[in-house]
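Input: a single structure, listed below in structure tokens.
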Amino acid sequence: GWSRRSALTSLDVATGKMIAVPHAGIFSPDGRWGAVFADGQLSLLQIGSETPRVLLKNCVADPHMAFSPDSHWLLYTADDHSVHLKNIAADKNIVDSPPAAPEADEVGFAPDGRTAYAFSVDGSVHFWETSTGNDRGRIAGADYYIEFFRFSPDGKSLLAACSDCSTRIFDLETLKLVRLIESDDDH
Numbered sequence: 001g002w003s004r005r006s007a008l009t010s011l012d013v014a015t016g017k018m019i020a021v022p023h024a025g026i027f028s029p030d031g032r033w034g035a036v037f038a039d040g041q042l043s044l045l046q047i048g049s050e051t052p053r054v055l056l057k058n059c060v061a062d063p064h065m066a067f068s069p070d071s072h073w074l075l076y077t078a079d080d081h082s083v084h085l086k087n088i089a090a091d092k093n094i095v096d097s098p099p100a101a102p103e104a105d106e107v108g109f110a111p112d113g114r115t116a117y118a119f120s121v122d123g124s125v126h127f128w129e130t131s132t133g134n135d136r137g138r139i140a141g142a143d144y145y146i147e148f149f150r151f152s153p154d155g156k157s158l159l160a161a162c163s164d165c166s167t168r169i170f171d172l173e174t175l176k177l178v179r180l181i182e183s184d185d186d187h
């Protein structure tokens with residue numbers, strides 16, 4: 001059935017109690033961790049352990065979440081649009097960004113795991129250094145927004161398809177534009 005918060009629940013036949021069924025979840029790349037959103041709560045689970053670490057409570061919206069390629073970090077969002085970067089082994093948040101607009105639509109890591117990002121609904125991309133949580137800045141255009149982007153396999157460049165029909169290549173270390181490829185037609 002559905003609760004008032006639209007969380008999927010199920011009846012435990014043995015106990016007669018309603019239990020939350022996860023409706024968003026991911027595994028870490030090494031398979032040792034899981035991040036699960038159920039019944040308004042985001043939890044971090046060590047596979048094989050029975051006790052989850054509760055990260056967020058009373059959530060209305062599904063959080064966006066991603067594990068780093070080495071499985072040492074979890075990046076996630078909260079209802080207030082804040083972004084959090086957690087060092088899993090130390091059980092410590094490295095980044096607790098202040099609530100911000102615009103809302104992050106996607107979070108993740110560059111292929112080498114050294115850079116975490118939040119892709120916002122306004123077409124900007126915000127970056128943090130994974131190991132320190134230092135704010136690396138953001139890529140946002142004054143007269144365009146980023147439709148989608150991909151990292152180079154080595155994690156050194158970012159290719160962005162933009163709303164002005166251009167393709168832009170950025171150096172991920174400096175976040176500077178290194179190449180602009182303009183479309184010869186507007187479609």
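Per the numbering used here, residue 1 is the first one in the sequence shown, and the count goes up by one each step. C-beta: ideal position from N, C-alpha, C; glycine also.
Which residue comes first and which comes last in the beta strand (DSSP E) that contains residue i?
i: Cys-162; result: 157–162
i: His-81; result: Segment: none, His-81 is in no beta strand (DSSP E) and carries neither H nor E.
i: His-126; result: 125–129
i: Val-54; result: 53–56
i: Asn-93; result: 92–96
Quick one: is residue i buried, meaning 16 or more other Cβ sit within 10 Å of its Cβ, or exposed?
i: Gly-137; result: exposed
i: Thr-130; result: buried
i: Arg-5; result: Its pLDDT being 37, under 50, Arg-5 is placed unreliably in this model, and the value from its coordinates should be taken loosely. It is exposed - the Cβ of Arg-5 has fewer than 16 other Cβ atoms within 10 Å.
i: Phe-119; result: buried
i: Arg-168; result: buried
i: Gly-48; result: exposed
Is it true that the CB of residue j sits closer than 8 Å to the CB of residue i?
i: Val-60; j: Asp-79; result: yes
i: Trp-33; j: Gln-41; result: no
i: Ile-139; j: Cys-162; result: no
i: Pro-63; j: Leu-74; result: no
Contact defined as beta carbons within less than 8 Å: I believe residue i pairs with residue j. What is the distance between those atoms, to the nearest angstrom?
i: Thr-115; j: Gly-141; result: Thr-115 to Gly-141, Cβ: 20 Å. No contact.
For residue i, decide whether its Cβ has a neighbour in chain B, counting only Cβ atoms nearer than 8 Å.
i: Glu-129; result: Although the question refers to chain B, the structure presented lacks it and comprises just one protein chain.
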